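Report on the following structure.
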Amino acid sequence: MDWPPHRRPWGRRPCVRRKAHMLYNLLELAREWLMRHDLYRLFMVLDQLQFRVFAAGILSFLIVLRFGPGVIRWLTAKKIGDAAQFDVAQLNEALKSKANTPTMGGILIAFAIAASTLLLADLRNSYVQMALIVLLWHAGVGGADDWLKLTARSRPGGARQGLYAWEKLVFQLGIGLLVGHFAFAEGSVGVEPGGSSLAHVLNLPFQKTFENPSAGPNPSLIYFNAGVYILVMVLMMAGMSNAVNITDGMDGLASGIACAVAIGLVILCVVAGWEEGARALLVPYVATADELAVVSAAIAGASLGFLWWNCSPASVFMGDTGSLCIGGLIGYLAVVIRQEVVVLMMSGVFLIEIASVVMQVGYFKYTKRRSGTGRRILRCAPFHWHLHMGGWPEQKIVARFWILSVMFVAAALASLKLR
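Numbering of the sequence shown is given in the numbering used here, commencing with residue 899 and proceeding in unit increments.
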């Protein structure tokens, strides 16, 4: 529906969509030959978002599946393996069998997501461009951290063990500030001076963005200014990247949960960028954000493909390279489509994991300051190791956390109707 400017103060100007994904551009080069042989009509499906979403998921899955063995052999030959160390001797003993398993397998995930997005997403879409920046930035930071940690033994004495915590934080804050600024500006395109955009609205559960599907925005809505929007972007991207990183501790745990959350994000992105759908569900409409469904599908496919090699007993670990880029993308997508609370609900297991670490560290420091002896709430943090030390087999923990994740995603999506 094309609203007159005076009735469209909350959204962007109507956008004429132009196909600019790589497959379409390659197809245009062969257009004359294909039309001459009556084959061009077979490829017109590439213009349909639904097809490109499914294709991105399948393609990223196949990329990880195809290149997995070669990357694993290369990582093994380079002796890029990881042996996590804990303060609990019992846990370190149990993890000895994983000491030679190669890590840094997240390069497979990052490559698959990037390749699928470049081939199938609209590259003229600013939100897609920023998603690629978020992906490559986090993969680069995670890769540098992995490489420094895992090659420390082969370097001269005193070599640093990965990036310092403050360095990682600076990189996370930097990309959050940068992307937050440009995402806010993109959501402001076409808005009249003094007007508001639904791309900046505070979206809460049970809150109706529209009074009804045929009416304008709810007059009681609260809109973020640039500073608050950027702050939310920084917190979501840094928080989610660290949450996924902390969860990545058991075979298949983080990759399986990430796949479930990404599938939920596919639905949220489609609804956010589809005006009729957003109005029907009374959620914020963010013009052109539906193209991010291709990115979400690529995350789901890459995570599922990585699970093929990461399931117990794992042939490879994703390391910071994979966990940071997956978490950073989840946080970025949540803010752009104005569904931070719903995405946090879908990411319930990730939140439990990072909360367990915060509580454990905080309580230990508090009791040590008060009594001189630090005490712990859990046997070991994050929470999956607490359960493992309580007698739960690793495979049972992973399977049950997957089940919980599916339920969290289903409940979060169902909440969209409770408005």
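C-beta: ideal position from N, C-alpha, C; glycine also. What you are looking at is a predicted structure, and each value in this text was computed from that prediction instead of being measured.
Return the chain-ordered ranges of every alpha helix (DSSP H) run that is complete within the stretch 1096 to 1177 and spans a minimum of 4 residues.
-> 1124 to 1145 and 1151 to 1170
Nearest to ARG1147 (by Cα), restricted to the options SER1221, ALA1200, VAL1130 and GLU1084 = As a working mapping, residue 1147 is identified with position 249 in the sequence shown. The sequence shown places Gly at residue 1147, not Arg. When each option's Cα is compared against that of GLY1147, the closest is SER1221.
Going by the beta-carbon positions, is the gap between MET1134 and ALA1232 smaller than 8 Å?
-> Taking the first residue of the sequence shown as 1, we reach residue 1134 at position 236. Taking the first residue of the sequence shown as 1, we reach residue 1232 at position 334. Yes, they are a contact pair.
Keeping to the same chain, check which residues put their C-beta closer than 7 Å to that of PHE1281; ignore five residues upstream and five downstream.
-> Taking the sequence shown and counting its residues from 1, one reaches residue 1281 at position 383. If we look at PHE1281 and ignore the five residues flanking it on each side, its Cβ neighbours are ILE1250, GLU1251 and SER1254.
Name the DSSP bridge partner or partners of PRO967?
-> In the sequence shown, the residue the question calls residue 967 occupies position 69. None, per the DSSP bridge assignment.
Among the residues of its own chain, which have a CB less than 7 Å from the CB of LEU925, if the five just before and after it don't count?
-> Residue numbering aside, residue 925 sits at position 27 when the sequence shown is read from its first letter. The answer, listed in chain order, is PHE941 and LEU944.
Would VAL1192 pass as a contact of LEU1016 if the rule is Cβ separation under 8 Å?
-> Working through the sequence shown from its first residue, we reach residue 1192 at position 294. Working through the sequence shown from its first residue, we reach residue 1016 at position 118. Not closer than 8 Å, so no.
Taking Cβ to Cβ, would you say VAL1142 is nearer than 8 Å to ILE1197?
-> As a first step, residue 1142 is located in the sequence shown; it is residue number 244 there, counting from the start. As a first step, residue 1197 is located in the sequence shown; it is residue number 299 there, counting from the start. The answer is no: Cβ separation not under 8 Å.
For the alpha helix (DSSP H) containing VAL1241, list its first residue and its last residue.
-> Position 343 of the sequence shown, counted from the first residue, corresponds to residue 1241. Counting along the chain, the alpha helix (DSSP H) containing VAL1241 begins and ends at 1238 to 1244.
Do the stretch 1096 to 1107 and the stretch 1153 to 1169 make contact, defined as three or more Cβ pairs closer than 8 Å?
-> no
Could you give the distance in angstroms between the alpha-carbon of GLN1258 and the alpha-carbon of ARG1277?
-> By 1-based counting over the sequence shown, the position of residue 1258 is 360. By 1-based counting over the sequence shown, the position of residue 1277 is 379. Those two C-alpha atoms are separated by around 9 Å.
Would you tell me roughly how many angstroms separate the C-alpha atoms of GLU1189 and SER1086, rounded to the nearest one?
-> Here residue 1189 is taken as the residue at index 291 of the sequence shown, counted from 1. Here residue 1086 is taken as the residue at index 188 of the sequence shown, counted from 1. Rounded to the nearest angstrom, the two C-alpha atoms are 18 Å apart.
Could you spell out where the alpha helix (DSSP H) holding VAL1184 opens and where it closes?
-> If you number the sequence shown from 1, residue 1184 lands on position 286. It is not in any alpha helix (DSSP H) - VAL1184 carries neither H nor E in the DSSP assignment.
Identify the continuous alpha helix (DSSP H) that holds THR1015 and give its terminal residues.
-> As a first step, residue 1015 must be located in the sequence shown, where it is residue number 117. 1004 to 1018 is the span of the alpha helix (DSSP H), which, as asked, contains THR1015.
Among VAL1241, LYS1266 and GLY1171, which has the Cα closest to the Cα of ALA1309?
-> For the purposes of this step, residue 1309 is taken as the residue at position 411 of the sequence shown. Taking only the C-alpha atoms, the option nearest ALA1309 is VAL1241.
Pull up the CB-CB distance for MET1138 and PHE1248, whole angstroms please, since I reckon it's below 8 Å.
-> The residue given as residue 1138 occupies position 240 in the sequence shown. The residue given as residue 1248 occupies position 350 in the sequence shown. 7 Å between Cβ atoms; contact.
Residue range of the alpha helix (DSSP H) that includes GLU1084 | Numbered from its first residue, the sequence shown carries residue 1084 at position 186. Here the alpha helix (DSSP H) through GLU1084 covers 1063 to 1085.
Would you check if there are 3 or more beta carbon pairs closer than 8 Å linking the stretch 1259 to 1270 to the stretch 1282 to 1292?
-> no
If you draw a straight line from the alpha carbon of TRP1300 to that of HIS935, how long is it in whole angstroms?
-> Here residue 1300 is taken as the residue at index 402 of the sequence shown, counted from 1. Here residue 935 is taken as the residue at index 37 of the sequence shown, counted from 1. For TRP1300 and HIS935, the distance between alpha carbons rounds to 49 Å.
Compare the Cα-Cα distances from LEU1151 to each of PHE1306, ALA1297 and PHE959 and report the closest residue.
-> Locating residue 1151 in the sequence shown gives position 253, counting from the first residue. Nearest option by C-alpha distance: ALA1297.
Close-in-space but distant-in-sequence residues of the same chain around SER1112 (CB under 8 Å, 5 per side omitted) = Translated into positions along the sequence shown, residue 1112 becomes position 214. Correct list, in chain order: ARG1177.
Return the chain-ordered list of same chain residues with a C-beta closer than 7 Å to the C-beta of GLY1074, the five sequence neighbours on each side being excluded.
-> Counting from 1 along the sequence shown, the entry for residue 1074 is found at position 176. Contacts found: MET1131, VAL1132, MET1135 and ALA1136.
HIS904: buried (16+ other C-beta within 10 angstroms of its C-beta) or exposed?
-> Within the sequence shown, the letter at position 6 stands for residue 904. Confidence is the limiting factor: at HIS904 the pLDDT is only 34, short of 50, which leaves the residue's position unreliable, though a coordinate-based value still follows. Exposed: under 16 other Cβ atoms inside 10 Å.
On a CA-only basis, which of LEU1048, GLU1084 and HIS1036 is nearest LEU1067? Give me that one, please.
-> By 1-based counting over the sequence shown, the position of residue 1067 is 169. Measuring from the Cα of LEU1067, the nearest candidate turns out to be HIS1036.
Between PHE1215, LEU927, LEU1034 and ARG950, which lies nearest to GLY1003 when the distance is taken from Cα to Cα?
-> As a working note, residue 1003 is residue 105 in the sequence shown. Out of PHE1215, LEU927, LEU1034 and ARG950, PHE1215 has the C-alpha closest to the C-alpha of GLY1003.
In the DSSP assignment, find the unbroken alpha helix (DSSP H) run with GLU930 in it and report its ends.
-> As a working note, residue 930 is residue 32 in the sequence shown. Segment 929 to 934, the alpha helix (DSSP H) holding GLU930.
Can you tell me whether GLN1237 is buried or exposed, with buried defined as 16 or more other CB within 10 angstroms of its CB?
-> Taking the sequence shown and counting its residues from 1, the one referred to as residue 1237 is at position 339. Buried.
Please name the residue, chosen from LYS1263, MET1244, GLY1217 and MET1305, that lies closest to THR999 on a Cα-to-Cα basis.
-> Numbered from 1 along the sequence shown, position 101 holds the residue referred to as residue 999. Considering only alpha carbons, the answer is GLY1217.
Between VAL1026 and the rest of its own chain, which residues show a CB-CB distance below 8 Å, the 5 nearest in sequence each way excluded?
-> Against the sequence shown, residue 1026 aligns to sequence position 128. Here the set comprises THR1015, ALA1019, ASP1020, GLU1189, LEU1190, VAL1192 and VAL1193.
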